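Asks: A single structure is presented below for examination.
Protein chains in written order, with the numbering used here: chain A, -19 to 94; chain B, 17 to 128.
Below, the structure is given as structure tokens:
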């Protein structure tokens, strides 16, 4: 099956710094990728839709200046958490669409902000 | 606004027993997904249900979809410890079905 890779798997950073998380579709081109966040023992919450070559579409309540999304190519989307704070600590998961409802999830990236 | 609810939220059951997890959603959708998540891991795709009356089975798990009732079920048959995990259903929004709204999740614990 298709593979979606996230990097890094786990990152610990100091409060106030920015962190970039990458989501790559390794064996297919994804015009659309999605970013989710998951707090401990909770469900996944859709943050934004990342579209190749255009601006991301953010869900209500998600700060676009806080969570910068760049979908520079058909195989790569990046999520940058700017000026991270402890409340941004979460598990971030991306998914990539192969079209026709075929979705593949990355392994997830755990962010811990001290 | 599309809402997806799962029931129960937590389930502890003995090995060998059967049980059903329910997933209700509030607006029309044409596809429903079931995922498994182990602690600290991402999602593992279990089933994709695309039409009313669809039924899929894999091992001890069977999923069904009733689009008229906006209900999907995940039935566990003769549970084993390896099935212990959190199970999520997710529904595609009608307009952009690749955008998923996830249910609350059901944490399953199977004990001897």
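Virtual Cβ for every residue (Gly too), placed ideally from N, Cα, C.
Small disclaimer: the values here were computed from a predicted structure and weren't measured.
State the DSSP-derived secondary structure class of residue 99 of chain B, mapped to helix, strand or coil.
Replies: In this structure, residue 99 of chain B counts as helix in the three-state DSSP scheme.
Asks: What is the DSSP secondary structure of residue 67 of chain A, reduced to helix, strand or coil?
Replies: Here residue 67 of chain A sits in helix by DSSP.
Asks: For residue -14 of chain A, which residues in the same chain have their Cβ closer than 7 Å to its Cβ, ignoring the five residues on either side in sequence?
Replies: Here the set comprises 1, 2, 3, 74, 86, 87, 88, 89.
Asks: Which chain A residues sit within Cβ distance under 8 Å of residue 117 of chain B?
Replies: Ordered by position in chain A, the residues that pass the 8 Å Cβ test against residue 117 of chain B are 26.
Asks: Which term fits residue 70 of chain A, buried or exposed, when burial requires 16 or more other beta carbons within 10 angstroms of its beta carbon?
Replies: Answer is buried; the Cβ neighbour count reaches 16.
Asks: Considering Cα atoms alone, identify which of A:52, A:12, A:20, A:78 is closest to residue 37 of chain A.
Replies: Answer by Cα proximity: A:12.
Asks: In chain order, which beta strand (DSSP E) runs of at least 3 residues are fully inside the stretch 29 to 87 of chain B?
Replies: Within the stretch 29 to 87 of chain B, the complete beta strand (DSSP E) runs of at least 3 residues are 35 to 41, 48 to 53, 59 to 65, 71 to 74, 77 to 82.
Asks: Does the structure place the stretch 57 to 71 of chain A close enough to the stretch 9 to 23 of chain A that three or more beta carbon pairs sit under 8 Å?
Replies: The answer is yes - the stretch 57 to 71 of chain A touches the stretch 9 to 23 of chain A, with three or more Cβ pairs under 8 Å.
Asks: Give the C-beta separation of residue 93 of chain B and residue 34 of chain B to the nearest angstrom, bearing in mind that I take them to be a contact with Cβ-Cβ under 8 Å.
Replies: Their Cβ separation, rounded to whole angstroms, is 5 Å, which keeps residue 93 of chain B and residue 34 of chain B in contact under 8 Å.
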